[in-house]
Amino acid sequence: QKEVEQDPGPLSVPEGAIVSLNCTYSNSAFQYFMWYRQYSRKGPELLMYTYSSGNKEDGRFTAQVDKSSKYISLFIRDSQPSDSATYLCAMGGGRDDKIIFGKGTRLHILP
Amino acid sequence: ETGVTQSPTHLIKTRGQQVTLRCSSQSGHNTVSWYQQALGQGPQFIFQYYREEENGRGNFPPRFSGLQFPNYSSELNVNALELDDSALYLCAIGMGGRSYNEQFFGPGTRLTVL
């Protein structure tokens, strides 16, 4: 079982829709959870950073962490064509102090 | 504004050659991590430097080595290049020597090994 599982997509949704992106993980020691956005041929850009379980909201973005289920989500409200990118989940704080990334989900917002 | 820069942006090497990639920022962050991102994959942790010392390493062979300088800029060196080393190489800066502190990525160097 991989430490972090993320559906690679692609996921296509119409403009204005709510987007839900998810990751599951197996290492219960993870405490820090991040979502990055990566445009084609660019470096990842940090979108959301959360510690432990709970919700965090920033503008159109909401990150949720459910440690009991080992499941994290990113919601994007009022999606825009400019949100089209690859979204990477990442987590860390385990024993070896490494950040582990998911494979990324390719998202297409259709105008 | 962290202003992470990486050079070069692209390069092509042949199998067996050596390559040096560079990373710098203007922000004074004292921790730098390097990642390898193969096509269609998430970044994989190579190693981290904190205050000029290696501070953690992923599952990469010793032919991947690095340096961090007093101004916190960094180099990644790869010897004896293999075809599978073709990837986007990313550096990320942070603070405090902990990899799970917030990190800010550079644009990457795309390496092609022929």
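Residue numbers (this note's numbering), protein chains in the order written: chain A, 1 to 111; chain B, 112 to 225. Using N, Cα and C, we set each Cβ at its ideal position, and we do this for glycine too.
> So which of B:131, B:123 and B:121 has the shortest CA-CA distance to residue 179 (chain B)?
Replying inline: Relative to the Cα of residue 179 (chain B), the nearest Cα in the group B:131, B:123 and B:121 belongs to B:131.
> Using a Cβ-Cβ cut-off of 7 Å (strictly less than) and excluding sequence neighbours within five positions of residue 60 (chain A), which residues of its own chain qualify?
Replying inline: Cβ neighbours of residue 60 (chain A) beyond the five flanking positions: 76, 77 and 78.
> What number of angstroms, rounded off, separates the C-alpha of residue 216 (chain B) from the C-alpha of residue 63 (chain A)?
Replying inline: Between residue 216 (chain B) and residue 63 (chain A), the C-alpha separation is close to 20 Å.
> Comparing the C-beta of residue 9 (chain A) with each C-beta of chain B, is any distance below 8 Å?
Replying inline: In terms of beta-carbon proximity, residue 9 (chain A) stays away from the interface with chain B, with every pair separated by 8 Å or more.
> CB-CB under 6 Å to residue 183 (chain B), same chain, minus the five flanking residues each way: which ones, in chain order?
Replying inline: 141
> Comparing alpha-carbon positions, which option in A:106, A:108 and A:92 lies nearest residue 26 (chain A)?
Replying inline: A:92
> At a Cβ cut of 9 Å, what residues of the region 194-206 of chain B count as close to chain A, listed as they run along the chain?
Replying inline: 199, 201, 202 and 203
> Who are the near neighbours of residue 13 (chain A) in its chain, counting only those whose CB is closer than 8 Å to its CB and skipping five residues on each side?
Replying inline: 19, 79, 107, 108, 109 and 110
>> Tell me which residues share the same chain as residue 33 (chain A) and place their Cβ nearer than 6 Å to its Cβ, disregarding the 5 neighbours each side in the sequence.
In response: 50, 65, 72 and 91
>> Between the alpha carbons of residue 177 (chain B) and residue 17 (chain A), how many angstroms are there, rounded?
In response: 44 Å
> Ordered along the chain, which non-local residues of its own chain (more than five positions away) have a Cβ less than 8 Å from that of residue 53 (chain A)?
Replying inline: Closer than 8 Å at the Cβ level, and outside the excluded window around residue 53 (chain A), lie 65, 66, 67 and 68.
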